[in-house]
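Since the structure comes first, as structure tokens, the remarks are kept for the end.
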Amino acid sequence: MSNMSKKWIYGGFGFLIFLVAVFIPQGKASAFHDVPEKYETEIHYLIDRGIIKGYPNGNFGPDDPVTREQAATMVGRALGLDGRQRNTVFPEVDASSYASGYIQSAYEEGIITGFTDGTYRPKKAMTRGGMAYLISKAFSLEEQSSVWYSDVSRSGSQYEAINKITTAGIANGYSDGTFRPTQSITRTEFSLLLARGMNDSFKVSQEEGVIEERVTTDVLNVRSGPSTSYTRIGQLAKGAVLQVHEVQGDWLKMTAGSLKGYVHKDYTVRKTSGSRVIAIDPGHGGKDGGAEFNGLVEKEINLNVSKRLRDYLENSGVEVIMTRTDDTFIPLDDRNSYAVSQGADTFVSIHANAFSDPSANGTETYYSSQSLRVTDSKQLATFIQKRLVEALGTSDRGVKDVPYRVIKETTIPSTLVELGFMTNDSDASKLGSSYWRDKAAKGISQGILDYYEWKGK
Ligand SMILES: [Zn+2]
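Going from the sequence shown to my numbering is simple: count from 1 and add 6.
Here it is as structure tokens:
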């Protein structure tokens with residue numbers, strides 16, 4: 007790409023950021039301590055109208071999923087539909103369900119259609135794609151434009167609805183250019199879509215994908231302004247990825263992690279897809295604690311080891327995507343697809359085992375023959391298992407073919423690691439120790455690097 011067109015794109019990107027900033031109204035103090043500050047205005051717009059409610063404990067639950075019955079109820083309230091409980095066309099939604107009135111009304115209005123088997127599946131999480139359909143119907147959206155998301159096929163069944171809500175300024179996808187239609191919608195995301203549908207002042211424009219560059223020199227200075235006369239505020243190592251917001255002469259205004267500043271454009275290149283990008287998936291999280299034995303909670307072990315693993319891999323020049331970095335619940339079905347949407351070429355899920363018989367012990371690693379990448383998945387599992395057993399000194403239970411949901415039917419090589427048994431005294435003492443957690447992380451990282459070497463990457 008020529009320098010001129012590169013500049014033009016950067017310029018356009020900056021302008022879009024400006025537009026978005028202008029159209030987000032200022033928030034006000036929240037009654038719920040956990041309402042994201044950035045979206046307080048939209049969320050309170052709905053709370054004030056009785057459309058969405060917080061929990062009795064005073065939380066809003068911004069990252070919680072929205073079930074399909076909750077979605078119908080909130081949309082029904084927003085549109086002022088008849089919410090009186092009554093029989094519905096859906097066999098599994100009878101008059102005793104609190105949502106039955108809104109579900110039946112929404113059906114009569116053509117806002118919901120249910121599944122092809124005639125069910126509505128009210129307790130199932132609403133996906134972002136499903137919500138696009140609901141919103142496009144609820145607000146009778148017709149207009150379409152040349153909308154593009156990297157993970158939404160133009161010939162797919164959801165494209166039209168996603169296009170309509172994007173064209174209407176109700177959704178703009180993620181900053182990486184994805185829409186993630188199969189991901190469960192969170193209460194915050196849902197609130198934004200609904201508020202934007204109801205009130206034009208909340209509307210947004212589709213952002214261009216984030217422009218990322220990679221550092222090509224050993225040490226790159228980050229400065230507070232666009233010339234060498236400005237103070238050096240940090241440094242980036244070779245291979246580091248930075249997000250470019252704007253070009254000012256020879257300088258890029260950028261963000262890299264928590265570092266914000268300017269770097270000289272001669273020392274970076276556009277990030278290409280030949281690089282190694284691994285997704286680490288710390289199993290469980292939030293309301294799903296996983297197993298709990300011997301004073302250990304699985305979700306905590308998984309996250310702790312995963313963060314150590316991330317650090318080892320990043321130090322080796324591998325780009326790492328984490329499916330979670332804190333104690334957040336993420337539905338199983340979203341984990342691998344999120345990794346793919348973020349550009350991951352490989353997926354590793356970290357877990358700890360448990361069994362009724364406390365003598366069961368050892369380390370095992372899984373792949374699934376139902377993955378679209380069986381050979382690579384099995385090879386990845388084999389390398390990790392070998393290094394991990396060496397590192398931990400646990401017994402070797404081998405590599406096994408089990409169709410766990412996060413590793414089956416995947417388009418990238420995927421594996422699931424069971425570090426050891428929380429129910430076994432010897433394994434548990436290692437799982438609870440920082441020393442051994444670090445050993446485990448290092449072992450897994452070596453297995454992953456073995457795999458990349460084997461792949462010629
Ligand atoms: Zn687990």
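For every residue, glycine included, the Cβ atom is placed at its ideal position computed from N, Cα and C.
| Check | Outcome |
| --- | --- |
| Run through the DSSP bridge pairs and tell me what Ile171 is partnered with. | DSSP, once it has assigned bridges, lists no residue as partnering Ile171. |
| Go through its chain and collect everything with a Cβ distance to Gly20's Cβ below 8 Å, but skip five positions before and after it. | Because Gly20 carries a pLDDT of 40, less than 50, the predicted location of this residue cannot be relied on, and the following value inherits that uncertainty. Within the same chain, Gly20 has close Cβ partners His251 and Glu252. |
| Enumerate, from N- to C-terminal direction, the unbroken alpha helix (DSSP H) stretches of 4 or more residues contained entirely within the region 362-434. | 380-398 |
| Just tell me which of Ser230, Gly292, Tyr268 and Glu304 has its CA closest to the CA of Leu248. | Tyr268 |
| Within the continuous alpha helix (DSSP H) that includes Met112, where are the two ends? | It is Ala, not Met, that sits at residue 112 in the sequence shown. That run of the alpha helix (DSSP H) goes Ser106 to Glu114. |
| Quick check: the Cα distance between Tyr458 and Arg282, rounded to an integer number of angstroms? | 8 Å |
| Please determine if the region 146-165 and the region 174-190 are in contact, where contact requires at least 3 C-beta pairs separated by less than 8 Å. | yes |
| Look at the alpha carbon of Ser328 and the alpha carbon of Gly426, and state the distance between them as a whole number of angstroms. | Per the sequence presented here, residue 328 reads as Met, with Ser not at that position. Approximately 21 Å, taken between the alpha carbons. |
| Which same chain residues, not among the five before or five after Leu386, have their C-beta less than 6 Å away from its C-beta? | Pro419, Thr421 and Tyr457 |
| For Gly56, collect the residues of the same chain with a Cβ closer than 8 Å to its Cβ; drop the 5 residues on either side in sequence, then sort them by chain order. | Arg83 |
| Can you tell me whether DSSP reads Asn359 as helix, strand or coil? | strand |
| Cβ of Phe50 within 6 Å of any heavy atom in ligand 1? | The sequence shown places His at residue 50, not Phe. No, ligand 1 has no heavy atom inside 6 Å of this Cβ. |
| What number of angstroms, rounded off, separates the C-alpha of Glu43 from the C-alpha of Arg314? | 30 Å |
| Taking DSSP as the reference, what is the three-state secondary structure of Ile450? | helix |
| Considering only heavy atoms of ligand 1, does any lie closer than 6 Å to the CB of Gly323? | no |
| So, for Ser106: in the same chain, excluding its five sequence neighbours on each side, which residues have a beta-carbon less than 8 Å away from its beta-carbon? | Gln91, Arg92, Asn93, Thr94, Val99 and Asp100 |
| The beta strand (DSSP E) with Ala243 in it runs from where to where? | Arg238 to Ala243 |
| State whether the region 254-271 contacts the region 321-340, with contact taken as three or more CB pairs (one from each stretch) at a distance under 8 Å. | no |
| Report back the beta-carbon spacing between Leu472 and Ile117 to the nearest angstrom; my notes put them in contact at under 8 Å. | Only positions 7 to 463 of the chain appear in this structure, which leaves residue 472 out of reach. |
| Regarding His357 and ligand 1, is the C-beta to nearest heavy atom distance less than 6 Å? | yes |
| Please go through the region 294-348 and give each complete alpha helix (DSSP H) segment of 4 or more residues, from N-terminal end onward. | 304-321 and 338-347 |
| Any heavy atom of ligand 1 closer than 6 Å to the beta-carbon of Gly296? | yes |
| Which residues in the same chain have their Cβ closer than 8 Å to the Cβ of Ile168, if we skip the five residues on either side of it in sequence? | Gly135, Ala138, Val153, Tyr155, Val158, Ala177, Phe185 and Pro187 |
| Following a CB-centred definition, is Gly289 positioned closer than 6 Å to any heavy atom of ligand 1? | yes |
| If the criterion is Cβ atoms closer than 7 Å, does the pair Ala285 and Ala201 meet it? | no |
| Please state whether the Cβ-Cβ distance between Lys448 and Trp442 is less than 7 Å. | no |
| What would DSSP say about Arg202, mapped onto helix, strand or coil? | helix |
| Give the straight-line distance between the Cα atoms of Ile390 and Ser432, rounded to the nearest whole angstrom. | 21 Å |
| Please classify Thr133 as buried or exposed, where buried requires at least 16 other C-beta atoms within 10 Å of its C-beta. | buried |
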